[in-house]
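Report on the following structure.
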Amino acid sequence: MLSKPKGTYDVLPTNSRVWVKLEQIIRKVCELSNYLEIRTPIFEQYETFHRDQSDSSDLVNKETYDFIDRGDRKMTLRPEGTAGCVRAYVENKLYVNNKVTKLFYLGPMFRYERQQKGRYRQFSQFGLEAYGPKSALLDVDIISTAVMLLKAVGLSKVRVRINTLGDSESRDNYRNVLVDYFSKHINDLCEDCKVRLEKNPLRILDCKVDKDSDILKNAPLISDYLNEASKLHFKQVLNLLDELKINYVIDNHLVRGLDYYSDTVFEIEYESDVLGNQNVICAGGRYNDLVKDLGGPDIPGVGLAFGMDRLLLALENENINIVKPRALHAFLITLGEEAKEYGLGLIYNLRLQGFMCDMSYASSSLKAQFKEADQNNSHFTLILGDNELKEDNINVKNNLTDEQVTIKINELTEYMLKEINKCHNCGGKCHEKMSN
Ligand code: ATP
Ligand code: MG
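Residue numbers for the sequence shown follow my numbering, beginning at 33 and rising by one.
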């Protein structure tokens with residue numbers, strides 16, 4: 033028997049509606065904040081993600097799915113959304129007529145990782161990207177849109193952690209101080225951190241292994257090495273968050289996994305232990321040089337990415353249901369061959385009128401068919417026998433009121449509409465006519 037690749041999972045019909053709903057909520061939130069969708073390829077040229085030999089992130093070094101295609105081109109399955117977005121932004125010159133470009137994307141990402149709850153080899157991200165002037169307004173536009181999404185799905189047990197890495201001048205300054213400091217303690221650092229000390233010393237600060245050591249706790253803080261411009265930018269971001277009444281905590285050790293960040297970095301974590309180290313459901317920050325580094329003009333960017341899988345795990349853990357129970361308007365059960373054949377035409381016509389319908393296809397007993405109707409949770413059960421059909425009649429049972437009537441088949445649509453509009457559940461909102 034074949035099985036799914038390690039680190040992947042099937043979204044089965046029972047769960048796929050939750051994914052669709054989450055995507056709908058995301059699209060709604062993006063519409064409200066005026067982020068427009070961009071769809072970039074699932075794979076890109078290898079260099080799109082592996083730009084810089086000095087990149088020290090795990091993602092770029094160990095986690096990408098790289099392959100040679102049949103034309104001998106080196107390709108990479110996208111491990112994240114930002115690089116592809118920036119590539120598309122530059123290649124399509126989206127900056128030409130726009131002062132600010134606000135984009136969103138959602139879809140699968142691929143990383144060769146050790147499988148754990150909330151950590152997969154194929155997972156889904158929803159991301160926001162804003163390219164334009166280096167304004168704190170855009171940082172907070174992005175963060176507040178993330179907060180809107182959390183409000184929209186009803187997840188309140190979350191914490192926004194924020195930090196600044198400063199601009200390149202501040203960061204260079206700080207990096208030197210850090211190298212001095214950590215060099216003195218090199219023998220007490222974990223193996224990964226010894227490498228980080230050479231490639232990207234800032235990343236030692238968020239080391240999961242050394243995180244409780246005194247060396248890390250006593251390390252110099254970026255806040256003491258920021259130049260005036262960097263201080264001002266961070267202060268503006270925090271002031272705006274206060275203005276919007278968005279709670280946050282400043283975390284001096286937050287540096288993020290990717291090497292391209294500058295100034296603002298942030299994470300949103302789900303405040304529960306169930307996801308372990310996988311409790312960060314959203315992460316992002318500012319990257320002032322990425323557009324330029326990918327061959328574009330000198331336009332700063334800021335962005336974030338939600339792990340949709342983790343967001344759904346958090347909702348599940350909080351017993352938050354974003355979908356209503358599945359329901360049909362009508363389920364048809366039949367008695368006799370003629371009625372069955374006529375039945376498909378009948379429900380086809382109802383479907384064309386905007387009613388969600390299905391029927392019992394198997395030749396089973398009435399009792400079994402009623403059970404099937406129950407499982408499909410339909411508002412009406414339509415019962416059609418060869419005898420009724422001869423008289424152009426049909427039996428309609430309203431499962432919400434338990435009323436049963438016999439009516440003419442050509443009155444069915446009108447009857448169902450009338451009843452649905454009276455329905456105390458939604459007042460008829462569940463019925464929407466097909467537009468064409
Ligand atoms: P982590 O520290 O958990 O490895 P990361 O820093 O690699 O996360 P990002 O590259 O910032 O994560 O991606 C943004 C978000 O995407 C993460 O906060 C997380 O919610 C989600 N994510 C990242 N990797 C995975 C994965 N392998 N499986 C599921 N979700 C993931
Ligand atoms: Mg990671």
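Cβ atoms here follow ideal geometry from the backbone N, Cα and C, with glycine treated the same way.
Keep in mind that this is a model prediction, so the values were computed, not measured.
Leaving out the 5 sequence neighbours to the left and right, which residues in its chain are closer than 8 Å to D42 when beta-carbon positions are compared? K36
Suppose the cutoff is 8 Å on Cβ atoms and the five residues either side in sequence are ignored; what does the same chain contact list for F214 look like? Correct list, in chain order: L221, C225, L229, P233, I236, I247, A251.
So, for P332: in the same chain, excluding its five sequence neighbours on each side, which residues have a beta-carbon less than 6 Å away from its beta-carbon? K166, N320
Using a threshold of 6 Å, is the CB atom of D341 nearer than that to any non-hydrogen atom of the ligand ATP? Answer for D341: yes, Cβ within range of the ligand ATP.
Cutoff 8 Å; reference R71; Cβ partners in own chain excluding five residues on either side: Y137, G139
Cβ-heavy atom distance between F155 and the ligand ATP below 6 Å? yes
Residue range of the alpha helix (DSSP H) that N271 falls in? In the DSSP assignment, N271 falls within the unbroken alpha helix (DSSP H) covering 260-275.
C-alpha distance - M33 paired with R143, whole-angstrom precision: 25 Å
Please say whether L360 and G375 have beta carbons closer to each other than 7 Å? no
What three-state label does DSSP hand I74 in the structure shown? coil
If I measure Cβ to Cβ from I354 and keep anything under 8 Å in the same chain, skipping five residues before and after, which residues do I get? V50, K53, L54, I57, V185, G186, L347
Could you check whether the Cβ of V269 sits closer than 6 Å to any heavy atom belonging to the ligand ATP? Flag unset: Cβ of V269 not near the ligand ATP.
Which same chain residues, not among the five before or five after G116, have their C-beta less than 6 Å away from its C-beta? T72, E76, R110
Using 8 Å for Cβ pairs, my map puts G317 next to R288. What's the rounded Cβ distance? 6 Å
Runs of alpha helix (DSSP H) lying entirely within the segment 210-253, each at least 4 residues, in chain order: 223-231, 246-249
With burial defined as no fewer than 16 other Cβ atoms inside 10 Å of the residue's Cβ, what is the status of T438: buried or exposed? exposed
Look at N219 and Y257 and say whether their C-beta atoms are less than 7 Å apart. no
Using the beta-carbon count (16 or more within 10 Å), is V428 buried or exposed? Buried.
Along the chain, where does the alpha helix (DSSP H) that runs through K166 open and close? No alpha helix (DSSP H) contains K166, which DSSP labels as neither H nor E.
Secondary structure at P37, three-state DSSP: helix, strand or coil? In this structure, DSSP gives P37 a state outside helix and strand, which the three-state scheme calls coil.
State buried or exposed for A362, treating a residue as buried only when at least 16 other CB atoms are found within 10 Å of its CB. buried
Give a yes or no on whether the C-beta atoms belonging to V179 and I282 are separated by under 7 Å. It is not a contact, given that the beta carbons lie outside the stated cut-off.
Boundaries of the alpha helix (DSSP H) in which V118 is found, first to last residue: 114-123
From the DSSP output, which residues share a beta bridge with I415? I365, N427
Can we count A337 as close to the ligand ATP, meaning its CB is less than 6 Å from some heavy atom? In terms of side-chain proximity, the C-beta atom of A337 is found nearer than 6 Å to a non-hydrogen atom of the ligand ATP.
Cβ neighbours of R83 in the same chain (closer than 7 Å, five flanking residues each side left out): D325
Can you give the Cα-Cα distance for C314 and E350, rounded to whole angstroms? 17 Å
Among residues of its own chain, excluding the 5 on either side of S410, which ones have a beta-carbon nearer than 6 Å to its beta-carbon? L360, A362, F363
Test item: CB-CB of K9 and D424 under 7 Å: Outside the shown range of the chain (33 to 468) lies residue 9, about which nothing can therefore be said.
Could you spell out where the alpha helix (DSSP H) holding A346 opens and where it closes? 340-349
Which value, in whole angstroms, describes the spacing of the CA atoms of V190 and E303? The alpha-carbon atoms of V190 and E303 are separated by roughly 5 Å.
Could you tell me the boundaries of the alpha helix (DSSP H) in which Y302 lies? Counting along the chain, Y302 falls outside any alpha helix (DSSP H), though it belongs to the beta strand (DSSP E) covering 294-302.
Counterpart residues of E79 in DSSP-defined beta bridges: Partner(s): none; E79 has no beta bridge.
Can you tell me which of the three DSSP states I313 falls into? Strand, per DSSP.
Endpoints, the beta strand (DSSP E) within which K149 is located: Counting along the chain, K149 falls outside any beta strand (DSSP E), and DSSP gives it neither H nor E.
My parser needs the alpha helix (DSSP H) runs of 4 or more residues fully inside the segment 387-416; what are they? 398-407
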